[in-house]
Amino acid sequence: MIYSFATASMHSLQQFGSTAAVGGIFLAVYLMTLVAIIITVVLLAWGVWRYTKAKQGKPRKPLSCSVRILVICLSLYPIWFGLTAIGTWYSGYQTDRARATETVRRNTPLNKSTHFGELEIKAGSLINRGDPHRFTDLPDQDPLLDLAAVRFLEPTPIAGVLAYAMSVEGTSLTIELAEEYQIEAAELALHCPVGYILMFPFPTSWITDEQRIQPPYDWFTPSKWKATACFDSTNGVMVMDVNEHGIYLPKNGKPYIPQPQF
């Protein structure tokens, strides 16, 4: 709890570019903690001692008004510090929970088969999305809103080519080949083995946000596009999944294999 309090303070300072004060913050927090513990232990021990003496028939003198005020003031500090530490921990806990929920929402299997332009993405395929919440004027209902990448549940034809996965980020469609492909052009002849990445540049250099967020995403017509290059890639098309350990990359060169729910 105290570590979370110190860490939160450190992050706040880093946001303002005051990283040199991080050590000072940790030292101050630990000193404040030590003081709170000492005050609590001393007051409790003193109270127990007075109570024990009273039970033995040797009550101590009643506290004077000034001593009572001092005791009250001293007891307020550990109470305030404890409540502050609990509040800081709980705030961090809520932030972590919200972040985990958002991560799962962005990287999750598709609940039902949905059309993305001329392509139907089967239910169970793993989808990665951007941040639909940034489109505040649109309802966050469509599961493919701001789609970034997909690893299919089974090899899926795209522009007549079987693919394990695809990405629509940037300025081109890239697909992870589930079958061999041959690029034939006047200036280029290129063999693309299974597992290679095949590129289809978009007809325009960039697909605007307005186009990307309009179901049924009619801009996505890869059957009309031309493959221009292919290359090997260690990770294939990078489509992220989430398990109990956090984000990971499913193995490339194969369809998506759903993991048990956690």
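Numbering (this note's numbering), first residue to last: -9 to 252.
For every residue, glycine included, the Cβ atom is placed at its ideal position computed from N, Cα and C.
Quiz item: In three-state DSSP terms, what is PRO68?
Solution: If DSSP states are grouped into helix, strand and coil, PRO68 belongs with the helices.
Beta-ladder partner(s) of ASN233, from DSSP
Looking at the DSSP assignment, ASN233 forms a beta bridge with GLY236.
Exercise. Taking Cβ to Cβ, would you say PHE190 is nearer than 7 Å to PRO212?
Worked result: Going by C-beta atoms, PHE190 is nearer than 7 Å to PRO212.
>> Whole angstroms are fine: how far does the CA of ALA88 sit from the CA of ASN225?
In response: In a straight line, the C-alpha of ASN225 is about 29 Å away from that of ALA88.
*asked:* Quick check: LEU100 and SER115, are their CB atoms within less than 7 Å of each other?
replied: Going by C-beta atoms, LEU100 is nearer than 7 Å to SER115.
Worksheet item: Along the chain, where does the beta strand (DSSP E) that runs through GLU166 open and close?
Response: Note, GLU166: beta strand (DSSP E), 162 to 167.
| Exposed or buried, what is GLU166 when buried is set at 16 or more other beta-carbons lying within 10 Å of its beta-carbon? | So GLU166 ends up on the buried side.
Three-way DSSP call (helix, strand, coil) for TYR186 in this model: Three-state result, TYR186: coil.
Reduced DSSP category for LYS244 - H, G, I as helix; E, B as strand; rest coil: Collapsing the DSSP output to three states places LYS244 in coil.
Requested in this report: List the residues that DSSP assigns as beta-bridge partners of CYS220.
Outcome: CYS220 is bridged by DSSP to LEU188.
Use the C-beta contact count for ASN233: other C-beta atoms within 10 angstroms, 16 or more gives buried, fewer gives exposed. Counting every other CB atom within 10 Å of its CB across the protein chains shown gives ASN233 a total below 16, marking it as exposed.
Sequence-distant residues of its chain with Cβ nearer than 6 Å to GLN242 (five each side left out):
Reading off the sequence shown, one finds Asn at residue 242, where the question assumed Gln. The beta carbon of ASN242 lies closer than 6 Å to those of ASN225, GLY226 in the same chain, with the five residues before and after it left out.
_Under 7 Å between C-beta atoms of GLY107 and TYR207_ = Between GLY107 and TYR207, the gap from beta carbon to beta carbon is short of 7 Å.
Is the segment 170 to 179 in contact with the segment 193 to 204, if contact means three or more CB pairs nearer than 8 Å? Too few Cβ pairs lie closer than 8 Å, so no.
Tell me the residue span of the alpha helix (DSSP H) that contains GLN201. 199 to 202 is the extent of the alpha helix (DSSP H) around GLN201.
### Task
Note down, in chain order, each residue of its chain lying with its Cβ closer than 7 Å to the Cβ of ILE148, except the 5 sequence neighbours on either side.
Here the set comprises LEU109, MET156, ILE165, PRO212.
Inter-residue Cα distance where the pair is VAL140 and PRO245
Inter-residue distance for VAL140 and PRO245 is about 10 Å (C-alpha atoms, whole angstroms).
(request) Assign SER115 to one of three DSSP states: helix, strand, or coil. (result) In the structure shown, SER115 sits in coil (DSSP, three-state: anything other than H, G, I, E or B).
### Query
Apart from the five residues on each side of it in sequence, which residues of its chain come closer than 8 Å, Cβ to Cβ, to ALA44?
Within the same chain, ALA44 has close Cβ partners ARG50.
For a test of the three-state rule: what should DSSP assign to THR104, helix, strand or coil? The answer is strand: DSSP assigns THR104 an E or B state.
Report task. Would you list the residues sitting across from VAL25 in a DSSP beta bridge? Result -> None; VAL25 has no bridge partner.
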